[in-house]
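In what follows, a structure is listed as structure tokens, so that the remarks can point back to it.
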Ligand code: PMP
């Protein structure tokens, strides 16, 4: 033993790094693991609808057999980046402004690791997708929450403005939102652009639900907002749009100086997304798009979900985007939502997600549950039958 390095006892410090201890508890993950048996599971966003296009599967199998099994350019398959660029407003340069990632989850972590130093503040709009909090924690950032009230969930402009300051390094946006399906308005985006410019803040804009916008509404990307485009990092994903959440394919869109930094972190973490799956998406994806309109059928699913919930006594309105309904339970119970969700699953066999993980103070989620409607019609009709007791 080196006398200058006396052995420390293994119990003298906690296991693992502080950043891991700061991760949220994984409320949803626990619930989903507990689900089983004859349950209509509307808790997770894992796609049950639309069906994974058979052409994608065919091309993926083909790519494996044809030898697309080694490292890909870490920036991403060139053809895939070309196609992604064509699908995005303002058509970014695929060579310098797009990076393919292992899902939007990697993109989110990479964006925050690239943008945030320990101690920097990161603004989150409540209610938020739980992983935003995790990514901020991994980067050592300090979350600063902007609260909002249901049923509209519009952030108060004064509170939003007040959240910005000299310590703010980033704001995370999510439109259409998980869990509410809300779209940020033009006024909100303009206000955010103004504040980001004032305080030199980067906007990490999670737009994974952009393909799902309903009733004539239009998705407006942060990359389209004057003043925000140059300082935004947009995240996209094929998980929900093409029902390949297990393929782990997403992307980062950012102006060239940011893309250079993002790619450095991307190489240091995953080093690239799965080559054969990128290849399959690049070769089969574009052809699907003749007549591919998942939003049209998803709107039908949304309407089934809203009808079932309303008839069962939940309070909710039809979201304008995304794949979730945030439903109020005050008319049904005095119980907090985790207990309500558990009892509902036992009583009806329908599993929904308690809204507690989507708030800084979980109690603010007690009056709500989140219901995913990216499911086959038959599943939603069965949920209707179980929740209302009517066929
Ligand atoms: N962002 C949001 C808002 C999400 O809801 C999800 C998936 N639930 C993700 C990112 C993660 O997407 P991916 O499967 O591409 O990692």
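In the numbering used here, the protein residues as written are 3 to 393. Virtual Cβ for every residue (Gly too), placed ideally from N, Cα, C. Nothing here was measured: the structure is a model prediction, and the numbers come from that model.
Going by CA-CA distance only, name the one from 249, 345, 166, 206 that's closest to residue 261.
What you label residue 261 is simply residue 259 of the chain shown in a count that begins at 1. Put simply, of 249, 345, 166, 206 the residue whose alpha carbon is nearest the alpha carbon of residue 261 is 206.
Since residue 101 sits in a beta bridge, which residues does DSSP pair it with?
Start at 1 with the first residue of the chain shown, and residue 101 comes out as number 99. For residue 101, which the question treats as bridged, DSSP gives the partners 254.
For the 8 Å Cβ check, are there 3 or more pairs between the region 98–106 and the region 145–152?
Touching, no, given that fewer than three Cβ pairs across the two stretches are closer than 8 Å.
Would you check if the region 364–373 and the region 331–350 touch, i.e. whether three or more CB-CB distances between them fall below 8 Å?
yes
Does residue 84 come out as helix, strand or coil in the three-state DSSP assignment?
Here residue 84 refers to the residue found at position 82 when the chain shown is read from its first residue. Assignment of residue 84 by DSSP, reduced to helix, strand and coil, places it in the helix class.
Count the other C-beta atoms from every protein chain shown that fall within 10 angstroms of the C-beta of residue 47, then say buried if there are 16 or more, exposed otherwise.
Looking up residue 47 in the chain shown gives position 45. Buried, since its Cβ has 16 or more Cβ neighbours within 10 Å.
Give a yes or no on whether the C-beta atoms belonging to residue 215 and residue 224 are separated by under 7 Å.
Position 213 of the chain shown, counted from the start, is the residue given in the question as residue 215. Position 222 of the chain shown, counted from the start, is the residue given in the question as residue 224. No, Cβ-Cβ distance for residue 215 and residue 224 is not below 7 Å.
Residue 136 lies in the alpha helix (DSSP H); which residues open and close that run?
Taking the first residue of the chain shown as 1, we reach residue 136 at position 134. Per DSSP, the unbroken alpha helix (DSSP H) holding residue 136 starts and ends at 132–140.
Using only the heavy atoms of ligand 1, determine whether one of them is closer than 6 Å to the beta carbon of residue 239.
Within the chain shown, numbered from 1, the residue matching residue 239 stands at position 237. True, at least one ligand heavy atom lies under 6 Å from that Cβ.
Straight-line CA distance for residue 161 to residue 296?
The sequence position of residue 161 within the chain shown is 159, counting from 1. The sequence position of residue 296 within the chain shown is 294, counting from 1. Using only the alpha carbons, I get a separation of about 36 Å.
Quick check on this structure: which residue in 129, 275, 259, 363 has the alpha carbon closest to the alpha carbon of residue 80?
Counted from its first residue, the chain shown places residue 80 at position 78. Nearest Cα to residue 80 within the set 129, 275, 259, 363: 275.
Tell me, please, which residues DSSP counts as bridged to residue 355.
Sequence index remark: in the chain shown, residue 355 carries index 353 (1-based). DSSP lists 372 as partners of residue 355.
Buried or exposed for residue 63, going by 16 or more other Cβ atoms inside 10 Å?
The count along the chain shown starts at 1 and reaches residue 63 at position 61. By the 10 Å Cβ count, residue 63 comes out exposed.
Under 6 Å from any heavy atom of ligand 3, does the C-beta of residue 173 make it?
Ligand 3 is not among the ligands present in this structure, which contains only ligand 1.
May I ask whether a heavy atom of ligand 1 can be found less than 6 Å away from the beta carbon of residue 131?
Position 129 of the chain shown, counting from 1, holds the residue named residue 131. Within the cutoff, so yes.
Contact defined as beta carbons within less than 8 Å: I believe residue 306 pairs with residue 353. What is the distance between those atoms, to the nearest angstrom?
The residue you call residue 306 lines up with position 304 of the chain shown. The residue you call residue 353 lines up with position 351 of the chain shown. The Cβ separation is near 17 Å, so there is no contact.
Distance, Cα to Cα, residue 166 vs residue 208?
To locate residue 166, count along the chain shown from 1; it is residue 164. To locate residue 208, count along the chain shown from 1; it is residue 206. Taking the straight line from one Cα to the other gives about 19 Å.
When you compare each of 52, 193, 25, 72 to residue 379 by their alpha carbons, which one comes out closest?
Within the chain shown, residue 379 is the residue found at index 377, counting from 1. Nearest C-alpha to residue 379: 52.
Just the C-alpha distance for residue 204 and residue 299, rounded to the nearest angstrom, thanks.
Taking the first residue of the chain shown as 1, we reach residue 204 at position 202. Taking the first residue of the chain shown as 1, we reach residue 299 at position 297. Each residue's Cα considered, the two are about 35 Å apart.
Can you list, in chain order, the residues of its chain whose CB lies under 7 Å from that of residue 288, leaving out five sequence neighbours each side?
Working through the chain shown from its first residue, we reach residue 288 at position 286. Closer than 7 Å at Cβ, skipping near neighbours: 85.
Distance check for residue 345 and residue 213, CA to CA, integer angstroms please.
Reading the chain shown from its first residue, position 211 is the one you call residue 213. Reading the chain shown from its first residue, position 343 is the one you call residue 345. Going by C-alpha positions, residue 213 is about 34 Å away from residue 345.
Taking the alpha carbon of residue 155 as the point to measure from, which residue in 253, 128, 359, 259 has its own alpha carbon closest?
Position 153 of the chain shown, counted from the first residue, corresponds to residue 155. Comparing Cα-Cα distances from residue 155 to each of 253, 128, 359, 259, the minimum goes to 128.
From the DSSP output, read off the bridge partner residues of residue 71.
The residue labelled residue 71 in the question sits at position 69 within the chain shown. Partner(s): none; residue 71 has no beta bridge.
What residue does the alpha helix (DSSP H) around residue 312 start on, and which one ends it?
As a first step, residue 312 is located in the chain shown; it is residue number 310 there, counting from the start. Run containing residue 312: 296–313, per the alpha helix (DSSP H) assignment.
Look up residue 44 in the DSSP assignment and say whether it is helix, strand or coil.
On the chain shown, residue 44 is found 42 positions in, with the first residue counted as 1. The answer is coil: DSSP assigns residue 44 none of H, G, I, E or B.
Any heavy atom of ligand 1 closer than 6 Å to the Cβ of residue 172?
Counting from one through the chain shown, the residue named residue 172 turns up at place 170. Checking the Cβ of residue 172 against ligand 1 gives no.
Leaving aside the five residues before and after residue 98 along the sequence, list all residues of the same chain whose C-beta is less than 7 Å from its C-beta, in chain order.
Taking the chain shown and counting its residues from 1, one reaches residue 98 at position 96. Around residue 98: 258, 261.
Is the beta carbon of residue 326 sitting closer than 7 Å to the one on residue 183?
As a position in the chain shown, residue 326 is number 324, starting the count at 1. As a position in the chain shown, residue 183 is number 181, starting the count at 1. The answer is yes: Cβ separation under 7 Å.
In the structure shown, what three-state DSSP assignment does residue 323 receive?
The residue you call residue 323 lines up with position 321 of the chain shown. In this structure, DSSP gives residue 323 an extended state, which the three-state scheme calls strand.
Could you tell me the distance, in whole angstroms, from the CA atom of residue 322 to the CA atom of residue 221?
By 1-based counting over the chain shown, the position of residue 322 is 320. By 1-based counting over the chain shown, the position of residue 221 is 219. Using only the alpha carbons, I get a separation of about 10 Å.
Are the beta-carbon atoms of residue 311 and residue 350 separated by less than 7 Å?
By 1-based counting over the chain shown, the position of residue 311 is 309. By 1-based counting over the chain shown, the position of residue 350 is 348. Result no, Cβ atoms of residue 311 and residue 350 do not sit closer than 7 Å.
Could you work out which residue in 23, 16, 279 is closest to residue 71 when comparing CA atoms only?
Walking along the chain shown from the start, residue 71 turns up at place 69. Checked all of 23, 16, 279; the closest Cα to residue 71 is 279.
Per DSSP, which one or two residues make a beta bridge with residue 170?
Here residue 170 refers to the residue found at position 168 when the chain shown is read from its first residue. Bridge partners of residue 170: 123.
Out of 88, 324, 230, 174, which has the shortest C-alpha to C-alpha gap to residue 124?
As a working note, residue 124 is residue 122 in the chain shown. It is 174 whose Cα lies nearest to the Cα of residue 124.
How should residue 194 be labelled, buried or exposed, when 16 other C-beta atoms within 10 angstroms of its C-beta is the threshold for buried?
The residue you call residue 194 lines up with position 192 of the chain shown. Residue 194 is buried by the Cβ-count criterion.
Got a sec? Which residues, its chain only, sit under 7 Å from residue 269 by beta carbon, not counting five neighbours each side?
Locating residue 269 in the chain shown gives position 267, where the first residue counts as 1. Once the five neighbours on either side are set aside, the close Cβ partners of residue 269 are 76.
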